[in-house]
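Before any comments, here is the structure.
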Amino acid sequence: SNLLLVLWMAIFCAGLKFHNRQFNAVGAAANMSCLVVASISICLPTLFGQIADTGDEVLMISRLCSLFLSLVYFLFLYFQLGTHAYLFVDEAEGEEEEEAHLSVMGSGILLILCTLVVAGCSENLVDSIEGVSTKFGLPKAFIGVILLPIVGNAAEHATAVTSAYRGKLDLAIGVSVGSSTQIALFVVPVAVLSGWYFGTPMSLNFRLFDMACQMLSVFLVSQVTQHGNTNWLHGAMLVTTYVLIAIMTWFIPERT
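Residue numbers (the numbering used here): 397 to 652.
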């Protein structure tokens, strides 16, 4: 959803106002390289699970991959914020300074409160999937892959679209691609490692369809962002791919 839907909306809105829009290709390439590593780390346990149907070995491989993915994420943060921070500076906006409206303490308190509210809403949202699927006849795969990310990424949608329309395409790409990098390199591995700590088996052995969708999406976004400029046609390519994936998820049979 972040890679295809959010990025599509950002690029398309920027294309409506600007004929061609330049952005920092180096920063986008760093994010995409991390996403490729994450995709490979998800691909390998999935393929191994298809070759050798041994759950314990796949589980251990997934935990080891999660450890290395977490390490790569912290290395990427050090690269982005420390040794090569200058590569991620948007020169077109470098002279603009916005006045801070909240103090550090106020921002921290607001962030904690928002996190607690979102956590509660997410818990209720997940609990309602079964009832919504039964009542409206929606496949659970469609709800999990399409509907939930749209609702959950509403804030990122708004931020990316408004930033892109104002000409801040680097910020919009950072919101969409950067959040995808964070999910793939940090959130998913931490979920697997947390399951290991609490004795809950969680692995990176996804369905072949999910693995293929991630790999192909990363490949497409890499092609779109490699030149450092974009237009509305690139956005059309992204949303077409997203719609095709949505159609496929509608026909995925329910697991019994």
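Ideal Cβ placement from N, Cα and C applies to all residues, glycine included.
When the five nearest sequence neighbours on each side are left out, the beta carbons in the same chain lying within less than 7 Å of the beta carbon of residue 455 are those of 597 and 599, in order along the chain. The way I'd put it, the segment 579-596 does touch the segment 465-478; three or more beta-carbon pairs between them come closer than 8 Å. A Cβ-Cβ contact shorter than 8 Å links residue 442 with residue 604. DSSP, reduced to helix, strand and coil, places residue 418 within a strand of the structure shown. Shown here, residue 398 sits in a helix according to DSSP, grouped into three states. With three or more CB-CB distances shorter than 8 Å, the segment 411-418 counts as touching the segment 563-582.
Between the C-alpha atoms of residue 439 and residue 607 there is a straight-line separation of about 6 Å. Judged by DSSP in its simplified three-state form, residue 601 adopts coil rather than helix or strand. Per DSSP, residue 630 is one residue of the alpha helix (DSSP H) stretching across 628-646. Taking the C-beta atoms as reference points, residue 428 is found nearer than 8 Å to residue 614. Ranked by Cα distance from residue 517, the first of 536, 527 and 547 is 547. Annotated three-state conformation of residue 549 is coil, per DSSP.
Between the alpha carbons of residue 534 and residue 528 lies a distance of about 7 Å.
Going by DSSP, residue 413 is part of the alpha helix (DSSP H) stretching over 403-413. Between residue 431 and residue 634, the beta carbon gap of about 14 Å keeps them out of contact (Cβ cut-off 8 Å). Taking residue 645 as reference, the option from 552, 476, 461 and 536 with the minimal CA-CA separation is 536. Between residue 466 and residue 586, the C-beta gap is smaller than 8 Å, which places the two residues in contact. Assignment of beta strand (DSSP E) within the segment 514-563, counting only whole runs of 3 or more residues, yields no such run. Between residue 571 and residue 555, the gap from beta carbon to beta carbon is short of 8 Å. Here residue 437 is near residue 461, since their CB atoms are less than 8 Å apart. Only residues of its own chain outside the window of five on either side were considered, and among them 398 and 552 have a CB closer than 7 Å to the CB of residue 575, listed in chain order. With a cutoff of 8 Å on beta-carbon distance, residue 512 and residue 506 are scored as not near each other. For residue 587, the uninterrupted alpha helix (DSSP H) segment begins and ends at 584-594.
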